[in-house]
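*Asks:* First residue of the sequence shown? That's 6 in this note's numbering, and the numbers climb one at a time after it. Would you mind keeping the following structure in view while I ask a few things?
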Amino acid sequence: MELTVRHIDLSMGEGKRARTVLSDVSFSVPDGAFCSLLGESGAGKSTILKVIAGILLQDGGSVLFDGAPVDGLPAHRRGLGFVFQDVRLFPHMTVEENVAYPLRMAGAGKRERLARAGELLERVQLPGFGPRRVQTLSGGQAQRVALARAIAAAPAALLLDEPFSGLDESLRDDMRSLLLRLHREDGLTVLMVTHDANEAIMMSDRIVALDGGHISQIGTPEELYRRPATAKIAACFGDCSVLKGCVESERFILDGIVLPALGIGDGPAVAVVRQGDCLLSPVGEGHGTVPAGEAVVRCGVYAGAGYLTRLDVAGQTLTVPTASLPDPGEIVPVRIDGKGCFVFSA
């Protein structure tokens, strides 16, 4: 199913206390695609999901499924699967009863419901868990049960609200792999809320980046990574240094550091520099990099495979991976690969 939101507006509160939560939000998720809503807390990601699900009613705009508006349909008639961050399993039901609940609401018989629940528990790698109480489950197991319940009635699309944020890193990786496998096997349209840019890159066909209730950029993971539209988007992909300076004649200038700023008008600007695209090297060394100037070493930290050297640039910090630590106070040459440097007008 193709999922479309068109010019969605939503405010919360009344009178002087009213605040805009969503403003003219429009995007589409093609049939069978995996799309992520990416942004900081408060950007409006979860609110959009609830509008699509029919949990919240928008002030303006429309939600469409395969081109047909569904704004008048209540949540239980929209045919969507939903996985919340806090899973929301029914504590008075067994695992298999939780998974089978959507089928029960659809009028399926008990034998059919339990057979489907058993099949889904196998698919989410929880065979034999059906009779258990949900209170006995670990966090990762509960998320698997919630995912199985969400797809039990073959929903038209699957909505996920930061489903893995409460899990440790190894469990998150397992759940991401499981979700992608189910998505590909069933051909489900998936829309997932996340604040983790790396998660969005790894899992998505399309990313919708939000900031303050507005859409900042829509594109493939590669488009957002290589051609970010804003400093916030550039800074969310990997470890970065953010520097405030000025652009003069298409050059970003901050103390002894000069960076290319093609197409950026003169005036205050922000440069986002990815750590992996910086190095300390004499002129002429460093394939793919260009001289950016010199800076003073402030300090450094051990980072496992090497060190992170902190450079002082007019009171701001530029972090560069190094094989060893220079001495504090040393003046060092900096080289930067332009592909990992993004400049935006302030």
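A virtual CB, placed ideally from N, CA and C, is assigned to each residue, including glycine.
1) Which term fits C283, buried or exposed, when burial requires 16 or more other beta carbons within 10 angstroms of its beta carbon?
2) Go through its chain and collect everything with a Cβ distance to K50's Cβ below 7 Å, but skip five positions before and after it.
3) Evaluate contact between the segment 80-96 and the segment 155-169, counting only Cβ atoms and requiring at least three cross-stretch pairs below 8 Å.
4) Taking 8 Å as the threshold (beta carbon to beta carbon), is E19 in contact with chain D?
5) Whole-angstrom Cβ separation of R138 and T99, contact assumed at under 8 Å?
6) Is Q146 buried or exposed, if buried means 16 or more other CB atoms sit within 10 Å of its CB?
7) Which residues mark the beginning and the end of the beta strand (DSSP E) in which T327 is found?
8) Have a look at A266, V213 and S31 and flag the residue whose alpha-carbon is nearest the alpha-carbon of D342.
9) Classify Y307: buried if its beta carbon has 16 or more other beta carbons within 10 angstroms, exposed otherwise.
10) Going by DSSP, name the residue or residues bridged to P296.
11) Which residue wins for smallest C-alpha separation from E124, given the options G114, G112, S143 and E101?
12) Using 8 Å for Cβ pairs, my map puts V371 next to T52. What's the rounded Cβ distance?
13) Do G281 and G243 have their CB atoms nearer than 8 Å?
14) For a minimum of 4 consecutive residues, which ranges assigned as the alpha helix (DSSP H) are wholly contained in the segment 104-161?
15) Please go through the same chain and pick out, in chain order, the residues whose beta-carbon is closer than 7 Å to the beta-carbon of P160, but skip the five residues on each side of it.
16) For R109 and F134, what's the separation of their Cα atoms in angstroms?
17) So what's Q280 in DSSP terms, helix, strand or just coil?
18) Could you give the residue range of the alpha helix (DSSP H) that holds D367?
19) Alpha carbons only, please: which of V318, V278, V339 and I258 is nearest the one belonging to P296?
20) In its own chain, which residues sit with a C-beta less than 7 Å from the C-beta of S329, not counting the 5 before and 5 after it?
21) For L320 and L69, I'd like the C-alpha separation in whole angstroms.
22) With DSSP collapsed to three states, give me the class of L54.
23) Would the segment 237-254 and the segment 202-217 be scored as touching if the rule is three or more Cβ pairs under 8 Å?
*Replies:* With the given structure in hand:
1) buried
2) L42, G44, V198 and L215
3) yes
4) Annotation note: the requested chain D is absent from the structure, which comprises a single protein chain.
5) 6 Å
6) buried
7) Q321 to T327
8) A266
9) exposed
10) R340
11) E101
12) The requested residue 371 is not part of the displayed model; the chain covers only 6 to 351.
13) yes
14) 115-128 and 144-156
15) G84, L85 and G86
16) 19 Å
17) helix
18) Past the edges of the chain, shown from 6 to 351, lies residue 367, and the structure says nothing about it.
19) V339
20) Y312
21) What sits at residue 320 in the sequence shown is Gly, not Leu. Looking at the two C-alpha atoms, the distance is approximately 50 Å.
22) helix
23) yes
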